[in-house]
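Protein chains in written order, with the working numbering: chain A, 12 to 356; chain B, 7 to 241; chain C, 14 to 325.
In this text, a Cβ means the ideal position worked out from N, Cα and C, and glycines have one as well.
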Amino acid sequence: MTNTVLETENLTKAYGNKEVLHPTSFSVVKGEILAVIGPSGAGKSTLLRLLDGLESPTAGTIRIFGEPFVRASRKKIRSRMGILFQKTVLFDRSVVDNIALGLSYRRIPRAEQKRRAQETLAKLGMSEYATRSARTLSGGEGQRVSFARILVTRPELLFLDEPTANLDPLAAKDVEEMILQENAENGTTIIINTHDQIQAQRLADRVAVILDGSIVQIGTPDEIWYHPATASVARFVGFQNIFIGSANDGSVSFGGIVLPAPADRKGLVSVMIRAEDIILTKNTSGIPGIIRSLSRRGAFVEMYVDCGQEFFLRIPFKEHDSSLSVGDSVSLSWDEQAVVIGGNE
Amino acid sequence: MGEIIDGFIGAIQLIVTLDPEVMDIALRSIQVSTAATLIAALIAIPLGALIYFYDFPGKRGVINLVQTLYALPTVIVGLVVYLLISHSGPLGFLDLLYTTKAMTIAQVILVSPLIIGFTISALTGLDRDMKNTVLGLNAPAYRAMLTLVREAKFAILSAVVLAFGRAIAEVGAVMMVGGNIRHFTRTLTTAISLNTSMGEFSVSIALGIILLGIALIVNLGVNVLQYRGMRVKDD
Amino acid sequence: MKKVTVALSVLVVLFAVVFTAGCITDDSEPTELLVATTTSLFDTGLLDAMQDYYFEEYNVNLLFTPQGTGKAIASAKNGDADVLLVHSPSQEAAFIEEGYGVNHRGIAYNYFVLVGPAADPAGVKGMKPEEGFTKIRELGTAGTDGVLFVSRGDASGTHTAEQKIWKSAGFDYATEVQGTGDWYKETGAGMGDSLTTAGELGGYIFSDEATFLKYKSNNPDSPLEVVIAEGDSLLNRYTVMSISPAKFPETNIEDATDFTNWLISEEGQEFIGAYGTEEYGKPLFTPMNTIADSTKAPFNIDSTTPVAVPTA
Chain A
12 MTNTVLETEN LTKAYGNKEV LHPTSFSVVK GEILAVIGPS GAGKSTLLRL LDGLESPTAG
72 TIRIFGEPFV RASRKKIRSR MGILFQKTVL FDRSVVDNIA LGLSYRRIPR AEQKRRAQET
132 LAKLGMSEYA TRSARTLSGG EGQRVSFARI LVTRPELLFL DEPTANLDPL AAKDVEEMIL
192 QENAENGTTI IINTHDQIQA QRLADRVAVI LDGSIVQIGT PDEIWYHPAT ASVARFVGFQ
252 NIFIGSANDG SVSFGGIVLP APADRKGLVS VMIRAEDIIL TKNTSGIPGI IRSLSRRGAF
312 VEMYVDCGQE FFLRIPFKEH DSSLSVGDSV SLSWDEQAVV IGGNE
Chain B
7 MGEIIDGFIG AIQLIVTLDP EVMDIALRSI QVSTAATLIA ALIAIPLGAL IYFYDFPGKR
67 GVINLVQTLY ALPTVIVGLV VYLLISHSGP LGFLDLLYTT KAMTIAQVIL VSPLIIGFTI
127 SALTGLDRDM KNTVLGLNAP AYRAMLTLVR EAKFAILSAV VLAFGRAIAE VGAVMMVGGN
187 IRHFTRTLTT AISLNTSMGE FSVSIALGII LLGIALIVNL GVNVLQYRGM RVKDD
Chain C
14 MKKVTVALSV LVVLFAVVFT AGCITDDSEP TELLVATTTS LFDTGLLDAM QDYYFEEYNV
74 NLLFTPQGTG KAIASAKNGD ADVLLVHSPS QEAAFIEEGY GVNHRGIAYN YFVLVGPAAD
134 PAGVKGMKPE EGFTKIRELG TAGTDGVLFV SRGDASGTHT AEQKIWKSAG FDYATEVQGT
194 GDWYKETGAG MGDSLTTAGE LGGYIFSDEA TFLKYKSNNP DSPLEVVIAE GDSLLNRYTV
254 MSISPAKFPE TNIEDATDFT NWLISEEGQE FIGAYGTEEY GKPLFTPMNT IADSTKAPFN
314 IDSTTPVAVP TA
């Protein structure tokens, strides 16, 4: 209970009549990294801007550090948190003064500001940049300096809004390392918006999926990528084979195919299988089907196989049997865990 | 034609010999307009920053009004200030009429909207995330504004220089509240107007050349500032 | 700390600028006398010369604000002047009647002149002023080519004198002169500007003699010449008045009284009489002390009795 750093209840945001964030409740515990993913326009940025106080909610509440996050408490709570944006923000002054900016707003002696900024810079391995104008930094260096400017104020809670979206992969990796290091060394709680699912998996303890203004699922990366709660989450995290089936008494049937299902599932459900989890054989041990199309996509071969329902398969080129062609009869199978039974919507 | 050439030759003589009357007038113009511009900047930059920084109902309307006032007719400023500081006016007891202070006040009123408006657009021209970053660093409001104004300094400074140009080139208001009194409130523009009516074209041309020279320097200043501002953005 | 220093130095510079700008107005030693005056007096340069001289001799700065007599009187009524130096008998009388003016004295005179193109398209040369005006109006309203009358149109002393001539010629100024066609043009400007306009247009214009002489010497190529210079209605009388301290207690009545007495003194009269002789071959203004008794018509003004600060 005391471990909760941030908590929302029915947090809602509307612009005029348009509700861009439907009532949302979740919480984040101390030391956790929560990644918020979702297609652009789904409400990630709005959610973050509400959480960091740059916008005010239409309804609902936010509690941070156990206190309601409202106008009156904003200053006090803000002093314990930090915000980093997608766009690198550098001020027209030296690198070290950029880093010290946040400190200069607090009643900290100038020498102490400098010392802490230099120390942070040294940690980044950028000491020789100290007196350079910040405008001369590369994109990656700039974003690290922007980040350092926040870290030097020792925040307990960090909001990162697509911090690596404008960076090349190498620079993005540097920033990711800073994120992990900060979290590991100082136990800083971090909420990060990202459109990069691999980054989310790499960084996050938990992931929240926002679709159409609602958090539809929140869970560990394993849960999100291997047990999506709904068909739309599944689609967003890369499931290509999604069928509507009907579940009853421990089995689910769709298009003439019957598979085992948890006994508690009843009625309409979604049946979801990743393309790369489907095993194709020429024997008849699995579900029979006919190859409808076949094409090479880089290191993979992609196929549509008609088994009464059309399945999409992605097979590494190295494992592909080159004698196969369109019209051939094949059979499909998969590990039982590869099949996810989710809610219907 | 002869008149223009004679006037021109006379003008050059007046300038080269640093004619005390001409220098007195030029110096006064520069002093009054410099004081007016600095005072206006001191009032208008913080005001512009406040309008930019805070969201309030009617903000759009306020900005529109400020922009409309860019074109505030100088004679209207002159009239209003005259009515206020005339000895029969509400501020008559301050004894400001026909002083350089009155002229300074009129020019402050004249150029403040310009500086307010340009300060707002200079700040609006900054990246929105810059304001958010400063807010995120939990800056007190005045410190946040100071940081942002400093970021927009080149654009704001060129507005100030432009304001000086408008102040020093203005004739209607300083004529009305200054009275164009020799050795006291006569400026480049009022002197040009008067000397032209008196047919003293040499003096008019000399003063005109000085005024143009000042305008040229002002323009150069704006260009340098805008160039520097642009270079900073490009980096 | 550095920022504080920067801010402080900006303030210091600012105050230095304001202070030095202020210094020019607030030189504390000499006193200042605010004189509202007419453009016809001012444009001749007489007052510039007087300002320098008077400051040298008496350590009083004469602050002349040149404006039309109408505006000069209006600003005096607002308390924005200490002394009025004007030339409009009817307006002066009204001003004194209303209690604003005291210590009225005549200081100088010259003559108004009707000026026109040397070719004299209306053929009025040598006529009496009223006859000339009537003829110009007649030809002008008939649309005769080249016959124009340029008027100050600014309620100045000159404009008032011009209106008086229209009236004595038998015309109602507002209905029979103003707005009766393109021939009658009002500039609304000072004497010098109006002369320039008349010169450009080749029109007739009613002017004081002094300003015209000054104009002519600055514009020797101008087509304008004096066409009518004789007639009782052409007298142009300049007078001085102090603003009544009863109306405006803060008015500088001491310096105003001294200035008035200087103007009517031997020294002042000589100063006025001497001005312009060198440049124009004749004085621009005739001092009032050349008249044996100025209280008689057509001058009707005391120009010799020294004035005193009025007692309340």
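Got a sec, what are the start and stop residues for the beta strand (DSSP E) A/N204 sits in? 200-204
Strictly under 9 Å for the Cβ-Cβ distance: is B/A145 near chain A by that measure? yes
Quickly, what does DSSP pair A/Q210 with across the bridge? List them, please. According to DSSP, which records beta bridges pairwise, A/Q210 is partnered with nothing at all.
To the nearest whole angstrom, what separates the beta carbons of A/L335 and B/N138, a pair I think is in contact under 8 Å? No, A/L335 and B/N138 are not in contact; Cβ-Cβ is about 55 Å, not under 8 Å.
Using the beta-carbon of each residue, which ones in chain A are nearer than 8 Å to B/R234? Neighbours of B/R234 on chain A: none; closest Cβ ~11 Å, over 8 Å.
What residue range does the alpha helix (DSSP H) around C/Q282 cover? 279-287
To the nearest angstrom, report how far apart A/E146 and A/V163 are at their CA atoms. Here residue 146 of chain A turns out to be Arg, not Glu, going by the sequence shown. Rounded to whole angstroms, A/R146 to A/V163 spans 20 Å at the Cα level.
Whole runs of the alpha helix (DSSP H) within the stretch 188-233 of chain C, excluding any shorter than 4 residues: 204-214, 222-231
Buried or exposed, going by whether 16 or more other CB atoms sit within 10 Å of the CB of B/Y233? exposed
What residues from chain C crowd round B/S154, counting only those whose CB sits closer than 8 Å? It is worth fixing the name first, because residue 154 of chain B is Leu in this sequence and not Ser. Result: empty, since nearest Cβ-Cβ is about 15 Å, beyond 8 Å.
Reduced DSSP category for A/G93 - H, G, I as helix; E, B as strand; rest coil: strand
Give the residues from the stretch 76-97 of chain A that approach chain B closer than 7 Å (Cβ to any Cβ), ordered along the chain. K86, R89, S90, G93, I94, F96
Within 10 Å of its beta-carbon, does A/D275 have 16 or more other beta-carbons around it, so buried, or fewer, so exposed? exposed
Buried or exposed by the 16-neighbour rule on C-beta atoms within 10 Å, applied to A/K24: buried
Between the stretch 95-112 of chain C and the stretch 161-173 of chain C, can you find at least three pairs of beta-carbon atoms closer than 8 Å? yes
Please report whether the beta-carbon of B/M204 lies at a distance below 9 Å from any beta-carbon of chain C. yes
Can the beta-carbon of A/L181 be found less than 9 Å from the beta-carbon of A/A159? no
For C/I37, the three-state DSSP class (helix, strand or coil): Bear in mind that a pLDDT of 45 at C/I37, under 50, signals an unreliable position, so the model cannot answer this.
Looking at A/G249: is its Cβ nearer than 9 Å to the Cβ of A/Q320? no
Three-way DSSP call (helix, strand, coil) for A/I73 in this model: strand
In whole angstroms, what is the alpha-carbon distance linking B/D61 and B/G54? 13 Å
Report the option in A/T99, A/P50, A/L101, A/R89 whose CA atom is closest to the CA atom of A/R165. A/R89
Positions along the stretch 146-158 of chain A whose CB lies within less than 7 Å of some CB in chain E: No chain E appears in the structure shown, which is made up of the protein chains A, B and C.
If I follow the unbroken beta strand (DSSP E) through A/K24, where does it start and stop? 15-26
Quickly, what does DSSP pair A/Q124 with across the bridge? List them, please. A/Q124 pairs with nothing; no bridge assigned.
Mind checking which residues open and close the alpha helix (DSSP H) that includes B/V183? 178-184
What is the rounded straight-line gap between the Cα of A/G256 and the Cα of A/S344? 18 Å
Inter-residue spacing [alpha-carbon to alpha-carbon] between B/Y104 and B/T43: 19 Å
My output table needs one value for B/F104: the three-state DSSP class, helix, strand or coil. The question names Phe, yet the displayed sequence has Tyr at residue 104 of chain B. Residue state, collapsed to three classes: coil.
Nearest residue (CA-CA) to C/K141, options C/F125, C/Q80, C/Q191: C/F125
Please list, in chain order, the residues of the stretch 115-145 of chain B that have any C-beta partner in chain A closer than 9 Å. D133, R134, D135, M136, N138, T139, V140, L141, G142, L143, N144, A145
Interface partners of B/L103 on chain C, CB under 7 Å: D93
Can you tell which of C/Q191, C/R150, C/E143 has the C-alpha that lies nearest to the C-alpha of C/G166? C/Q191
Rounded to a whole number of angstroms, what is the C-alpha to C-alpha distance between A/D233 and A/G113? 37 Å
Of all the residues that make up the stretch 266-297 of chain A, which are near chain B by a beta-carbon distance shorter than 8 Å? none
Contact list for the stretch 47-78 of chain A against chain B, Cβ threshold 9 Å: R60, D63, G64, L65
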